[in-house]
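The next block holds one structure in the form of C-alpha cells; read it before the comments.
Protein chains: 2
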Amino acid sequence: MDVTQQAAKPTVAEQITQKADTLTTSERKLAQALLGNYPMAGLETVATFAERCGVSAPTVLRFASKIGFDSYPDMQARLRGELEARLQSPLTRSSLPRARNHSGHPMGELLHDMAEATIANIRTSLGNINPAELQNAIELIGDCKGSVYLLGGRFTSALAVYAYEHLRTMRSHVRRVSGQSAKWAEDLLDVGKRDVLLVFDVRRYQSDVIAFAEAAYKQDAKIILFTDQWLSPIAQFARHVFPVRIETGTTWDSSAASMVMLETLLEGVGQHNPEQVRARIKHLEMLRRPPQS
Amino acid sequence: MDVTQQAAKPTVAEQITQKADTLTTSERKLAQALLGNYPMAGLETVATFAERCGVSAPTVLRFASKIGFDSYPDMQARLRGELEARLQSPLTRSSLPRARNHSGHPMGELLHDMAEATIANIRTSLGNINPAELQNAIELIGDCKGSVYLLGGRFTSALAVYAYEHLRTMRSHVRRVSGQSAKWAEDLLDVGKRDVLLVFDVRRYQSDVIAFAEAAYKQDAKIILFTDQWLSPIAQFARHVFPVRIETGTTWDSSAASMVMLETLLEGVGQHNPEQVRARIKHLEMLRRPPQS
DNA sequence: GAAATCATGTAACGTTCGTTACAGAAGGGG
DNA sequence: CCCCTTCTGTAACGAACGTTACATGATTTC
Chain A
1261 MDVTQQAAKP TVAEQITQKA DTLTTSERKL AQALLGNYPM AGLETVATFA
1311 ERCGVSAPTV LRFASKIGFD SYPDMQARLR GELEARLQSP LTRSSLPRAR
1361 NHSGHPMGEL LHDMAEATIA NIRTSLGNIN PAELQNAIEL IGDCKGSVYL
1411 LGGRFTSALA VYAYEHLRTM RSHVRRVSGQ SAKWAEDLLD VGKRDVLLVF
1461 DVRRYQSDVI AFAEAAYKQD AKIILFTDQW LSPIAQFARH VFPVRIETGT
1511 TWDSSAASMV MLETLLEGVG QHNPEQVRAR IKHLEMLRRP PQS
Chain B
1261 MDVTQQAAKP TVAEQITQKA DTLTTSERKL AQALLGNYPM AGLETVATFA
1311 ERCGVSAPTV LRFASKIGFD SYPDMQARLR GELEARLQSP LTRSSLPRAR
1361 NHSGHPMGEL LHDMAEATIA NIRTSLGNIN PAELQNAIEL IGDCKGSVYL
1411 LGGRFTSALA VYAYEHLRTM RSHVRRVSGQ SAKWAEDLLD VGKRDVLLVF
1461 DVRRYQSDVI AFAEAAYKQD AKIILFTDQW LSPIAQFARH VFPVRIETGT
1511 TWDSSAASMV MLETLLEGVG QHNPEQVRAR IKHLEMLRRP PQS
C-alpha cells in the first residue's frame, strides 16, 4: 500500500502529543485515558468515553476537534484504521503508540530516565537470580507447615504489606510483623523451626529488622531475604537470598525491581499448589459475599 | 460483578463456526467477511457492514441474532472484549524463548517472562504519561498548603504505605487513611479544599475506596489517582489520572509499573523543592540521633 | 407449472448518537 | 476581593443508528 506516505498521516497518539500543551485540564484527562488504553478507549461512544473520564460529552468533542479532527467519528475512523493495520501485520507489532517523544519537556526526561533505569535494574536483577534458588524459596513457602512471617524496614515494609496480602489469599498462617519494633518481641515468642521469615532489608539496613531476623534464626526459623546487591547482614542467617538492584540515579532508592522479584516469587508459590490456592480463593469469596441475596 | 460467568465464553468466531451450516447465502457472506477481517469488520455500523457485504441491514441483524446474540451492539461488545484482551497481551503471547542462562529450568522461564512482561508494562505506561500531567501533579503535592492523604485498596495499599513513607520525609502534613474502612469517616472530617488525596485503585475497584474519594471530592479536596488502563470510577472526580498497565499474564495483577510511576512522581516532588526537602531530612536525622554524644 | 416456503430487501419506527448554542462555573490577574 | 477570561456542563437539535413489520423476490416441492 502506501508505505511511502508516512508524514502525511500522523497517528492519533502523535497528534495528541503534539497538541499536549494546549490541552485544558479536562482534555488532559481524556488524553491520558485514551493513551492509557489505546486505542480502544477512543472507539467507545462520546457519552461512554466522557462518563468514564468524568467529563461531559461536549468536552470530548472539543478535544477531538482540538487535536485536529473534523468530528468524533472522524477520529474513530482513524483509530480504527491504525488498529486494523496493526492487526493485519502482527509482525510489525512495534507500531504500538510508540513511546512518545518526551524530549523537550523536563518531566518527559524524568519519565524516560526512571523507566529505563528501572528496566535495567529489573533485567540485571532477575537475570542474575538462580532459578534453583527461586524454586527452593517457592517450595519453602508453599510447603511450609508452620507460619510465614513478613517483615520489612522503613521503606521496604510496603513490600511486606504487599506480600502479606497476596500470601494470605494463598495459604493460612501468614503473619505480618508490624507496628513499633519494641513490640516485635511478642511476635518472636511464637517463631519456631517450622516457620519461615520473609524479610526485606535494603541499605541503611535497619538494626531492629536485623535483630529480629537474627533472633528468628536462632529459634530455627528459615529465612528468605530480599535485599540489595550489597547484601544486608541478614544474609548471614538467610537460607535464600535475593539481591536486587535498587539504584536509579535519583535521590531515593527504588523498590520497583524488588517488587517484580517479589511478584515472581508469589506467582511461583501460587503455581506450586494451584488447586489449594483456587479452593482457598473460592472459599474466601464465598465468605465475602454473605448469604443475603 | 456477574456470577453468570461459567465455563469460559466462546469467542464470536467460535459461535459463527458452530452455526455455520445453518447460515443462509447472505449470512455466509457476512460470516466470511467478519472472519476475514476479524474482528474489525464487526465493529462497524450495521449499515456499513451490510453495504460492504452487499446485503441489507436486517440481514446483518438476523445474522447476529442467529449466532446467538440479543442484539448487534451485544455482539460488538463481545468483539471489543476479545480485541482488548488481544491487544493487552501482545508480549506474553509472542515472547519467544530468548536464550538466557535460564533456559531449561522452569523457574528460569518464569523469571524471564515476569521481567519482560513487567518491562513492557513500564514502557507502555510511562511512555503514555503526559509530562505536563506529571508536572501538575508534582506541583499539586509539592505546593499543597493543606494535608496530603494517602489511600489504597486491598493490594494497592502497599503503594500508599510506600508513598506515605517517602512523602513524610519530604513534607509535613502527610496522612495515611488506613485501618477498617468503617473508621475512615473520621479522616474525612478533616478533609478540605486545601488538601490533596493521592489514591490508588485498580480493577475490582473497591467500593469503600471509591466512596472515600467521592466524599473527599465533594469536600473540595483535589484528587490524584493511580489506576489501571480501564480507569477506576474515581477518575470522574480526579484532577489527575495516571493509568498504568497491570497485566502480566499471571494469576495476579502487578503493581510493579504503578510503583515505578509512583517513584517517578515522588522523585519529581523531591526535585520540586530540593532545599526544603534537604533541610527536612537533615532535621529528621538530627532528631533521630538525640544529643547524647 | 403452480403453490408453499424460505430468504431477502424496503420502509418506517423509536432510540441513541454526535453536535451545537448558551449559560453558568472556575480560575487567574489586577 | 472583584472583574475578566477561559473553561465546562446543560439542554436542545438534527442525523444516524439499530430495530421491526411487511412486502417482494427467490427457491423448492408436489
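Chains as they are written, first to last, in the working numbering: chain A, 1261 to 1553; chain B, 1261 to 1553. The beta carbon of each residue, even a glycine, is placed where N, CA and C say it ideally should be.
Ranked by Cα distance from W1512/B, the options H1500/A, S1514/A, T1508/A, G1528/A are led by G1528/A.
If you ignore the 5 residues before and after V1306/B, its C-beta comes within less than 8 Å of the C-beta of A1317, V1320, L1321, Y1332, all in its own chain and listed in chain order. By DSSP's assignment, I1483/A forms a beta bridge with L1457/A. Taking C-beta atoms as the reference points, S1515/B and F1415/B count as a pair closer than 8 Å. Closer than 8 Å to the CB of V1520/B there is at least one CB belonging to chain A. Beta bridge pairing from DSSP links Y1409/B with R1435/B, L1457/B. For V1501/B, the enclosing beta strand (DSSP E) stretches over residues 1500-1504.
When the Cα atoms are used, Q1336/B and G1302/B turn out to be separated by approximately 6 Å. For K1542/A, no CB of chain B lies under 8 Å from its own CB, so it is not counted at the interface with that chain. Residue pairing by DSSP places D1488/A opposite V1504/A in a beta bridge.
Listed along chain B, the residues sitting closer than 8 Å to I1379/A by beta-carbon distance are I1379, I1382, R1383.
Listed along chain A, the residues sitting closer than 8 Å to F1497/B by beta-carbon distance are G1314. In the same chain as S1407/A, and ignoring 5 residues on each side of it, the C-beta atoms closer than 6 Å to its own belong to H1433, R1435, D1455, in chain order.
Looking at H1543/A, D1403/A, G1314/A, T1277/A, the one whose alpha-carbon comes closest to that of F1497/B is G1314/A. In this structure I1484/B is in contact with L1400/B, their Cβ atoms being roughly 7 Å apart against a cut-off of 8 Å. Among the CB atoms of chain A, one or more fall inside 8 Å of the CB of I1389/B.
Residue environment: E1376/B is assigned as buried (16 or more neighbouring CB atoms within 10 Å of its CB, all protein chains considered).
Between G1439/A and chain B, the shortest Cβ-Cβ separation is not below 8 Å. In the structure shown, K1279/A falls within a coil segment according to DSSP collapsed to helix, strand and coil. The C-beta of T1284/A has fewer than 16 other C-beta atoms within 10 Å across all chains shown, which makes the residue exposed.
E1304/A carries a coil assignment under DSSP once its states are collapsed to helix, strand and coil. For a Cβ distance threshold of 8 Å, residue set Y1422, M1519, E1523 of chain B lies close to S1515/A, ordered along the chain.
By the rule that beta-carbons nearer than 8 Å mark a contact, Q1479/B does not touch chain A. C-alpha of D1468/B to C-alpha of S1325/B: approximately 40 Å in a straight line. When secondary structure is reduced to three states using DSSP, P1318/A falls in the helix class. A direct Cα-Cα distance of roughly 27 Å separates I1494/B from L1547/A. Counted as a single uninterrupted DSSP element, the stretch harbouring A1495/A is not any alpha helix (DSSP H), since DSSP gives it neither H nor E. Under the DSSP assignment, V1421/A falls in the alpha helix (DSSP H) whose first and last residues are 1417-1430. Contact of G1530/A with chain B by beta-carbon distance below 7 Å involves T1511. Flagged as an interface residue toward chain A: G1368/B, by a C-beta distance shorter than 8 Å. Scanning chain A for C-beta atoms nearer than 9 Å to the C-beta of R1463/B yields nothing, as the closest lies near 12 Å away. The beta carbons of I1398/B and L1525/B sit closer together than 8 Å. Residue environment for L1419/A: buried (at least 16 other C-beta atoms within 10 angstroms of its C-beta).
Excluding its 5 nearest sequence neighbours in each direction, S1492/B has C-beta neighbours in its own chain below 6 Å: D1461, Y1465, listed in chain order.
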